[in-house]
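Have a look at the structure below before the remarks.
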Amino acid sequence: KEKHKILHQLLQNSTSPVDL
Amino acid sequence: CMEGDGKTLVRQIHDAYMKSFTMNKAKARLILTGKTSEPPFIIHDMDTFQLAERTLAAYMAHMVKGERLESESELRVEHVTPAVECEELQQREAEARLFHCCQSTSVETVTELTEFAKAMPDFQTLDLNDQVTLLKYAVHEALFTLLASCMNKDGLLVARGRGFITREFLKSLRRPFSDMMEPKFQFATRFNSMDLDDSDLALFVAAIICCGDRPGLVDIPVVERLQESIIQALRHHLLANHPDDTFLFPRLLQKLADLRELVTEHAQLIQEIKTLEDTSLHPLLQEIYKDMY
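So the protein sequences, as listed, match chains A and B.
Under this note's numbering, the letters of the first sequence match residues 15 to 34, in that order.
Under this note's numbering, the letters of the second sequence match residues 1001 to 1293, in that order.
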């Protein structure tokens, strides 16, 4: 799960990865 | 003839596609064929690239949030250098920015692809780890499929259709950057000859995502069932939408293999750039490439 933190986040909500 | 369920699936996937992606083939073709009031700004050398960075700043993904690139400030160190060296430095600097710009566009598209997947019927009922696996392996194949819509034999639309970057300019960059886009143009030329529209592409991208043979899937049968329903919907839809082209479905399925090869090549090139150029990769892309193939 840790390995794909951002993909998990994107799937669970719509946080823009540009902000990360 | 397609049954009710199949038709609903086609409509739902097409709707999800139209809602999720800011650029689509219909929009891109209008711009590429000069049918819009404002033609795109053409980027064909370093000067026009730098001009585009200033004039299209609001549309260039990496500048949307006023983000300054580290490499830019680092490279701005003043020192006296002969003119030729100075020019070389500027060139390297611009190439680095161009690479970051491509990365930001990729990240934006990955976000859109995730939204598309989430809006696909039954995708969110899959195990969350399987959703991650499906996206990890699909995003680049899907990205190069969608990129083909923005390409013609001479170049590629960028900055949400406000810019057009020529194939020759991309080819003229220094290695390994110069090797990055040429295979995508070659794929796009073959792919675009099939004349797919956005409704076909929506199903094709859905089929790329729902693929039962991705490494590490936990519940393969449930992914395969979803894949089967999408593939059947695609087959029926192509027959109805392209009645004169009966071999379109098998030809399109062959493209899935071409895409895998394209992604493997691309991942190798990214690895090379990372090692040779000491350049940073966006954390989302790092996640995707890590242990991919």
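Idealized CB from N, CA, C, for every residue including glycine.
From a predicted model like this one, the values you see are computed outputs, not experimental measurements.
Tell me which same chain residues have a C-beta within less than 8 Å of the C-beta of residue i, skipping the five on either side of it?
i	result
N1241 (chain B)	D1197, S1199 and D1200
L1069 (chain B)	Legend: pLDDT at L1069 (chain B) = 40, less than 50; position of this residue unreliable, value from coordinates given subsequently. Contacts found: H1062, A1096, R1097 and H1100.
I1208 (chain B)	A1138, E1141, A1142, T1145, L1256 and L1259
L1281 (chain B)	Q1103, I1270, K1274 and Y1289
T1295 (chain B)	With chain B represented from 1001 up to 1293, any question about residue 1295 (chain B) goes unanswered, as that position is not in the structure.
V1205 (chain B)	Y1017, L1113, F1116, A1142, T1145 and L1146
How would you list, in chain order, the residues of chain A whose beta-carbon sits under 8 Å from the beta-carbon of residue i?
i	result
E1087 (chain B)	Result: empty, since nearest Cβ-Cβ is about 32 Å, beyond 8 Å.
Residue i touches chain A at which residues, Cβ-Cβ below 7 Å?
i	result
D1132 (chain B)	In the sequence on display, residue 1132 (chain B) carries Val and not Asp. Simply H18, L21, H22 and L25.
K1290 (chain B)	K17
CB-CB under 7 Å to residue i, same chain, minus the five flanking residues each way: which ones, in chain order?
i	result
R1214 (chain B)	T1133, L1134 and Y1137
K1171 (chain B)	S1178 and E1182
N1129 (chain B)	V1218
L1173 (chain B)	E1095
Q1091 (chain B)	M1046
R1162 (chain B)	P1040, F1041, L1056 and Y1059
Looking at chain A, is there any beta carbon in it that lies within less than 8 Å of the beta carbon of residue i?
i	result
K1153 (chain B)	no
P1283 (chain B)	yes
L1135 (chain B)	yes
E1141 (chain B)	no
E1287 (chain B)	yes
T1111 (chain B)	yes
L1128 (chain B)	yes
T1114 (chain B)	yes
H1035 (chain B)	In the sequence as presented, His is not what sits at residue 1035 (chain B); that position holds Lys. K1035 (chain B) does not count as touching chain A.
C1118 (chain B)	Note that residue 1118 (chain B) corresponds to Lys in the displayed sequence, not to Cys. Chain A, which has a Cβ nearer than 8 Å to the Cβ of K1118 (chain B), makes this yes.
S1071 (chain B)	Because the pLDDT of S1071 (chain B) is 42, which lies under 50, any placement of that residue in the model is unreliable, and the question is left without a value.
D1005 (chain B)	no
Going along the chain, which residues of its own chain have a beta-carbon closer than 6 Å to the beta-carbon of residue i, five neighbours each way excluded?
i	result
L969 (chain B)	Not covered by the structure: residue 969 (chain B). The range shown for chain B is 1001 to 1293.
I1273 (chain B)	P1176
V1107 (chain B)	H1282 and L1284
V1158 (chain B)	I1165
Quick test of your reading: residue i and residue j, contact by CB under 8 Å. State the CB separation rounded to the nearest angstrom.
i	j	result
L1147 (chain B)	K1184 (chain B)	6 Å
Q1131 (chain B)	L25 (chain A)	5 Å
S1229 (chain B)	L1009 (chain B)	6 Å
T1022 (chain B)	R1160 (chain B)	6 Å
V1223 (chain B)	L1126 (chain B)	7 Å
L1252 (chain B)	I1013 (chain B)	Not a contact, Cβ separation roughly 15 Å.
Checking contacts by CB at 8 Å: is residue i closer than that to chain E?
i	result
P1183 (chain B)	Absent from the structure is chain E; the protein chains it does hold are A and B.
Requested in this report: Just list the alpha helix (DSSP H) runs in the stretch 1223–1277 of chain B, keeping only unbroken ones of 4 residues or longer that don't cross its boundaries, in chain order.
Outcome: Those alpha helix (DSSP H) runs which fall completely within the stretch 1223–1277 of chain B and span 4+ residues are 1248–1277.
**Report entry** alpha helix (DSSP H) runs wholly inside the stretch 1137–1176 of chain B, at least 4 long, in chain order
**Finding:** Counting only runs of 4 or more, we get 1167–1172.
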